[in-house]
Amino acid sequence: MKKAAARQIAELVPGILSDTLARRTGMTLDLIAGWDDIAGPDYAPFTLPEKILWPRQGGDDEPFEPATLVLACEGHRALFIQHAMPELMDRLNRFFGYGAVGRIRLVQKPVGKPAPAKHRRKPELTEEESRRLAEVLDEIGNDGLRESLARFGRGVIAKRRNTR
Numbered sequence: 010m011k012k013a014a015a016r017q018i019a020e021l022v023p024g025i026l027s028d029t030l031a032r033r034t035g036m037t038l039d040l041i042a043g044w045d046d047i048a049g050p051d052y053a054p055f056t057l058p059e060k061i062l063w064p065r066q067g068g069d070d071e072p073f074e075p076a077t078l079v080l081a082c083e084g085h086r087a088l089f090i091q092h093a094m095p096e097l098m099d100r101l102n103r104f105f106g107y108g109a110v111g112r113i114r115l116v117q118k119p120v121g122k123p124a125p126a127k128h129r130r131k132p133e134l135t136e137e138e139s140r141r142l143a144e145v146l147d148e149i150g151n152d153g154l155r156e157s158l159a160r161f162g163r164g165v166i167a168k169r170r171n172t173r
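For reference, each letter of the sequence shown is one residue, going 10 to 173 in my numbering.
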């Protein structure tokens, strides 16, 4: 009797989640994972697809009817999204590869996405602090590791100086 090879949970979860997600919301993980690219930086930070309502089809001889995307949107941005609906539908249908979505229904609610990280300035070090840090890091052979440790070191030195 041959035993099945052990599989990582990360390999199993997408299949299970995709099936459940498709049954409950009519969407795929690809749509949710790709929403930031589909919606773009102007719309993605305050919108999130909730579900796709597919019309019931009685048989193969009935004409195709496009679905309705239920889109969660921050309340104060709803008017902005309403004006952008044709563009969003076009982007969605390009994602699907056909005219899958014919309508977007907005649901105003907090989306709860984290704010994009702000770029911080590098902490300013004195010449002496920079020289000492460079001496410590001089023996690190890996360029990526050396740069990461340099960023970390600058932060630690600046914080220590500011808390004194």
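Yeah, the Cβ is synthetic: ideal placement off N, Cα and C, and Gly gets one too. Quick caveat, the model's predicted, so the values are computed rather than measured.
Taking all protein chains shown into account, L154 has fewer than 16 neighbouring C-beta atoms within 10 Å of its C-beta and is therefore exposed. Note that the C-beta distance between P58 and L80 is below 8 Å. Taking the CA atoms as reference points, R160 sits about 28 Å from P54. A Cβ-Cβ separation of about 23 Å leaves A109 out of contact with A87 under the 8 Å criterion. Judged by beta-carbon spacing, L134 lies beyond the 8 Å limit of L146, meaning their Cβ atoms are not closer than that value. For R65, the three-state secondary structure derived from DSSP is coil. Excluding sequence positions up to five before and after A93, its CB lies within less than 8 Å of the CB of D51, Y52, all in the same chain and listed in chain order. Between L40 and the set E136, A167, G106, the nearest pair of CA atoms involves G106. In chain order, I166 place their CB closer than 7 Å to the CB of E138, counting only its own chain and leaving out the 5 sequence neighbours on each side. With a contact defined as Cβ atoms closer than 8 Å, P119 and E83 qualify at about 7 Å. For R114, the enclosing beta strand (DSSP E) has its first and last residue at 110-117. Taking C-alpha positions only, I113 is separated from Q91 by approximately 9 Å. In this chain, the beta strand (DSSP E) harbouring V79 covers 76-82.
By the CB criterion at 8 Å, R100 and A42 fall outside the cutoff.
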